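Colleague: Submitted below is the structure of interest, expressed as structure tokens.
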Amino acid sequence: MSEVVKSIELVEVFLDEDFLGWDGASRYSIGRFHDMNGFLRSQIRPDGVIIGSREAEPAERAIREMRAIPAFSCMPLFLLADLGPTLAMMADAQTTDVQVMVNHTTAMARRLKDLPDEILTQGQDFRLLAYLYCRQEGILNGVAHWRHKQVYSFPKAELLADSTTDVQTWLANLVERRYLERVELLDRIRLCPKCGGAHHNFIDVCPQNLSVDIIQKPFLHCFTCGHVAPEEMFLIGGPLVCPNCKTRLRHIGADYDRPLENYVCNDCGHSFIEPLIMARCLTCGNQNPTEALIPRPIHSLRLTERGRMAAQTGNMEDLFALFDNLNYIAPSFFQTILDWMLALCRRHSEERFSLIGIRVVNILELTERIGRHRMGELLDEFALRLREAIRATDLTTRTSQWVLWLLLPKTDKAGCEVLLQRLREIAKNSRQPEGVAIELDMVSFSAPSDMIAEEPAELLLPRLLGAME
């Protein structure tokens with residue numbers, strides 16, 4: 290556990306004179322500067338920074354300068370004035386209440402002490418994971434702005450990214466690698482397939498030659514010869530006369546009617562019912578059918594358990610992937626098989642199976658005590674011993690980075706207890722010269738004795754997981 294933060298030290302950077310008389314943070318302030326360069330040259334390393342500015346541009350420039358320096362990339366930043374939603378998202382809070390600043394900073398300082406000293410210098414991935422880890426909510430929200438090429442941006446991530454990084458692609462990669470997860474669907478946009486722009490002008494065009502020079506006209510249909518043409522063509526000489534067969538059209542419904550065709554192209558003369566909708570990209574000028582646009586959902590993103598572990602250990606390698614070679618199947622298939630076995634036990638009471646959940650509870654302590662390399666070797670040895678303990682017919686999966694499940698067909702409660710005892714012995718024998726060993730938190734379930742009526746696998750697994758926490 291991290292040590293308790295005893296005191297908070299703040300630096301005030303006043304970028305205009307409006308705030309020079311503000312002394313709300315005097316009790317905690319260890320420095321006051323009138324520009325960012327003076328603060329950076331001072332080499333002071335406070336717990337948080339207060340920025341006083343009535344203008345968004347200098348405040349944004351100051352925030353970007355700070356976040357570009359690894360040592361300041363996770364530091365709490367506070368604005369004294371409301372400078373709009375984008376700046377509010379870049380900072381940690383907009384407030385003049387010093388106690389709010391202190392509370393935020395204290396919580397973040399405690400979390401920062403959980404992280405390795407070198408993590409902020411290990412690249413943009415670790416800077417972002419560390420930044421989110423230090424914030425209780427661990428959330429990245431997108432903000433919409435008409436000037437942005439793809440409408441939505443993630444200001445916090447942009448501050449921490451390398452200068453050449455495509456932020457949207459970078460975040461998608463972290464989601465794919467399960468360091469971040471999608472939370473709330475904010476919007477759904479459609480992108481140009483040529484340049485990826487999200488700004489389009491939707492235009493009606495002729496479906497034959499794609500001309501925009503189309504007009505809407507009333508049409509008539511002659512029942513005598515079947516001719517269809519704009520109404521103006523039937524008005525030659527005054528009364529309605531078909532220009533094709535010269536029949537005089539007196540009664541609508543008897544001599545003629547009005548068809549659905551009501552558009553005509555002034556370039557090619559083609560008539561049609563509905564125009565074709567095209568999306569002209571305002572970024573590159575490419576004209577695309579609407580169905581060719583690339584849909585992209587925009588979600589808020591959250592740090593996952595895997596991401597938290599990467600931040601705490603300074604290692605983005607998945608140590609627990611070693612267990613994925615133990616008769617591993619995907620969680621969705623595991624749940625389907627578990628549902629099938631539960632149904633089988635309900636129908637045939639003589640059927641037996643057991644389920645064991647395993648969690649290594651002291652992974653962070655072990656990593657700190659013996660190092661990441663030896664930790665990997667220790668888990669590798671544990672996985673090897675576990676492989677020897679389970680049968681070829683047993684199945685495993687992981688529902689999170691920390692939790693491994695064993696499904697044991699044809700195994701009653703007594704047989705399950707035998708395996709649990711073996712696992713305890715394996716953990717006990719993993720003791721290192723430093724006096725630490727793998728500590729397991731385990732839970733077991735045996736069917737049919739532990740079954741709850743009609744409980745499906747999707748409820749059973751969370752119930753057992755709750756018993757381990």
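Quick note on this note's numbering: the sequence shown kicks off at 290 and runs consecutively. Cβ coordinates follow ideal geometry from the N, Cα and C atoms, glycine included. These numbers were taken from a predicted model, which means no experiment stands behind them.
1. Once the 5 residues before and after Ile478 are set aside, which same chain residues still bring their CB inside 6 Å of it?
2. To the nearest angstrom, report how far apart Cys514 and His540 are at their CA atoms.
3. Kindly indicate which three-state DSSP category Val650 falls into: helix, strand or coil?
4. Considering only DSSP beta bridges, list what Gly341 is partnered with.
5. I'd like the span of the alpha helix (DSSP H) that includes Ser331, first residue to last.
6. Which partner residues of Tyr617 appear in the DSSP bridge assignment?
7. Counting C-beta neighbours from all protein chains within 10 Å, is the total for Trp459 16 or more, i.e. buried, or is it exposed?
8. For the beta strand (DSSP E) that contains Gln576, what are its first and last residues?
9. Count the other CB atoms, across all protein chains shown, that sit within 10 Å of the CB of Phe491; report buried if there are 16 or more and exposed otherwise.
10. Just verifying my parser: in three-state terms, what is the DSSP assignment at Gln601?
11. Helix, strand or coil for Glu470? Go by DSSP, reduced to three states.
12. Please report the residue range of the beta strand (DSSP E) in which His510 lies.
13. Under three-state DSSP, which class holds Asn490?
14. How is Glu743 classed by DSSP in three states: helix, strand or coil?
15. On a Cα-Cα basis, can you pick out the residue from Leu571, Leu417, Asn462, Phe523 that is closest to Ala360?
16. Ends of the alpha helix (DSSP H) at Leu449?
17. Expressed to the nearest angstrom, what Euclidean distance is found between the alpha-carbon atoms of Val683 and Leu695?
18. Taking 8 Å as the threshold, find out whether the segment 491-503 comes into contact with the segment 553-561 through three or more Cβ pairs.
19. Does the distance from the CB of Leu712 to the CB of Leu697 come in under 8 Å?
Modeller: Reading off the structure:
1. Residue mapping note: residue 478 aligns to position 189 of the sequence shown, counting from 1. Within the same chain, Ile478 has close Cβ partners Val440, Ala487, Arg585.
2. Here the question's residue 514 lines up with position 225 in the sequence shown. Here the question's residue 540 lines up with position 251 in the sequence shown. Using only the alpha carbons, I get a separation of about 15 Å.
3. As a working mapping, residue 650 is identified with position 361 in the sequence shown. Residue state, collapsed to three classes: coil.
4. Within the sequence shown, the letter at position 52 stands for residue 341. Phe303, per the DSSP bridge assignment.
5. If you number the sequence shown from 1, residue 331 lands on position 42. From DSSP, the alpha helix (DSSP H) with Ser331 extends over 325-331.
6. Residue mapping note: residue 617 aligns to position 328 of the sequence shown, counting from 1. Paired residue(s): Thr685.
7. To locate residue 459, count along the sequence shown from 1; it is residue 170. By the 10 Å Cβ count, Trp459 comes out buried.
8. To locate residue 576, count along the sequence shown from 1; it is residue 287. 576-578 is the span of the beta strand (DSSP E), which, as asked, contains Gln576.
9. Here residue 491 refers to the residue found at position 202 when the sequence shown is read from its first residue. Phe491 comes out exposed.
10. Within the sequence shown, the letter at position 312 stands for residue 601. DSSP places Gln601 in helix when its eight states are reduced to three.
11. What you label residue 470 is simply residue 181 of the sequence shown in a count that begins at 1. Reduced to three states, the DSSP call for Glu470 is strand.
12. Within the sequence shown, the letter at position 221 stands for residue 510. From DSSP, the beta strand (DSSP E) with His510 extends over 508-511.
13. Here residue 490 refers to the residue found at position 201 of the sequence shown. Strand at Asn490.
14. One-based indexing of the sequence shown puts residue 743 at position 454. Glu743: coil per DSSP, three-state reduction.
15. Within the sequence shown, numbered from 1, the residue matching residue 360 stands at position 71. Selected option, being the one with the closest Cα: Leu417.
16. Working through the sequence shown from its first residue, we reach residue 449 at position 160. Start and end: 444-449.
17. Position 394 of the sequence shown, counted from the first residue, corresponds to residue 683. Position 406 of the sequence shown, counted from the first residue, corresponds to residue 695. The sequence given here has Asp at residue 683, not Val. Cα to Cα, Asp683 sits roughly 7 Å from Leu695.
18. yes
19. Your numbering for residue 712 matches position 423 in the sequence shown. Your numbering for residue 697 matches position 408 in the sequence shown. Cβ atoms of Leu712 and Leu697: not closer than 8 Å.
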